[in-house]
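>
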Amino acid sequence: MDTIPLLIPLFVLAVVSLTVAAGDDVGCPGAPSMSVEAACRKACGTQLMYDVCRDALRDVPDPSASHDVTEYALAAARGALASEAATMDVSIQLLYNASISGDEKAAYMECVQSYTAATEAISNVQGNLPICSFDGLAADYKNGLLHLENCRDRVIKLAASPLYAMVLVDRNKAVLAFFLGQLLGI
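The number in the working numbering is simply the position in the sequence shown, starting from 1, with 62 added.
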């Protein structure tokens, strides 16, 4: 079990490298095109998620122009992965804090394992969007979310965890990625 925290940073580094290396020139047959505003309005039913969407897509060139929604889904998946990598790093650091209780250590270890699985699921999404392979993407999005929620359910039981707020942000970013993916008909 002690080898998991040692392997996780390598996995996260590989995911972040893939995130940085991929480009946004994506266009899939049959995918709708719309502006960032239209995509965020259509994908998000609450002001909170709309705000998360606008923030996630803030770097889209010429956001008022119509772009293939696949670009937005890919940008959101990248944002979710980057956020998950940062939370994973904090989880690992917390594991090595000698002053944490046994309950905290168990919760953070479970979060590391959950985040490993969530990152793998969202990495699958990120890998399949550019090649317009949408089969199984809904399951990948949902699996990623379930693993994030598993961590959330563990840290919410702790008296005060610095991880809780980060996990909620990660969940919102993963939900947004899923909502934007749904615009593709997945």
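Note that CB positions come from ideal geometry on N, CA and C, so glycine has one too. Nothing here was measured: the structure is a model prediction, and the numbers come from that model.
Exposed or buried, what is V82 when buried is set at 16 or more other beta-carbons lying within 10 Å of its beta-carbon?
Because V82 carries a pLDDT of 36, less than 50, the predicted location of this residue cannot be relied on, and the following value inherits that uncertainty. The residue in question, V82, is exposed, as its Cβ has fewer than 16 Cβ neighbours within 10 Å.
> State the Cα-Cα distance for the pair N212 and G189, rounded to the nearest angstrom.
24 Å
> Express the C-alpha separation of D215 and V174 in angstroms, rounding to a whole number.
13 Å
> Give me, in chain order, the residues of the same chain whose beta-carbon lies closer than 7 Å to that of D86; leave out the 5 immediate sequence neighbours on both sides.
Here D86 scores only 49 on pLDDT, less than 50, and its place in the model should not be relied on; the value that follows carries that caveat. So the list reads E133, L136, A137, once near-sequence residues are dropped.
> Output the distance between the C-alpha atoms of N234 and T108, rounded to the nearest integer angstrom.
Their Cα atoms are separated by approximately 12 Å.
> Should the stretch 93–100 be called in touch with the stretch 116–135, which here means at least 3 C-beta pairs below 8 Å?
yes
> What first and last residue would you give for the alpha helix (DSSP H) that runs through L220?
Per DSSP, L220 belongs to no alpha helix (DSSP H) and is neither H nor E.
> Need the endpoints of the alpha helix (DSSP H) that D113 sits in, please.
109–118
> In this structure, how does DSSP classify D130 when only helix, strand and coil are distinguished?
strand
> Which class does S161 belong to by DSSP, given the choice of helix, strand or coil?
coil
> Classify I154: buried if its beta carbon has 16 or more other beta carbons within 10 angstroms, exposed otherwise.
buried
> When you compare each of Q244, F241, L207, L242 to E146 by their alpha carbons, which one comes out closest?
Comparing C-alpha distances from E146 to each of Q244, F241, L207, L242 shows the shortest one belongs to L207.
> Mind checking whether I193 and A142 have CB atoms under 8 Å apart?
no
> In this structure, does DSSP put L95 in helix, strand or coil?
Note on residue identity: the sequence assigns Ser, not Leu, to residue 95. Looking at S95 - three-state DSSP - the assignment turns out to be strand.
> Among the residues of its own chain, which have a CB less than 6 Å from the CB of M228, if the five just before and after it don't count?
T149
> In its own chain, which residues sit with a C-beta less than 7 Å from the C-beta of L199, not counting the 5 before and 5 after it?
Taking C-beta separations shorter than 7 Å and ignoring five residues to either side along the sequence, the partners of L199 in its chain run V187, N190, G243, I248, following chain order.
> Closer than 6 Å by C-beta to R116: which residues in its own chain qualify, once you throw out the five before and the five after it? Chain order, please.
C102
> Buried or exposed: A180, going by 16 or more other Cβ atoms within 10 Å of its Cβ?
The residue is buried, with at least 16 neighbouring Cβ atoms inside 10 Å.
> Counting only the same chain and skipping the five closest in sequence on each side, list residues whose C-beta sits under 7 Å from that of V231.
S145
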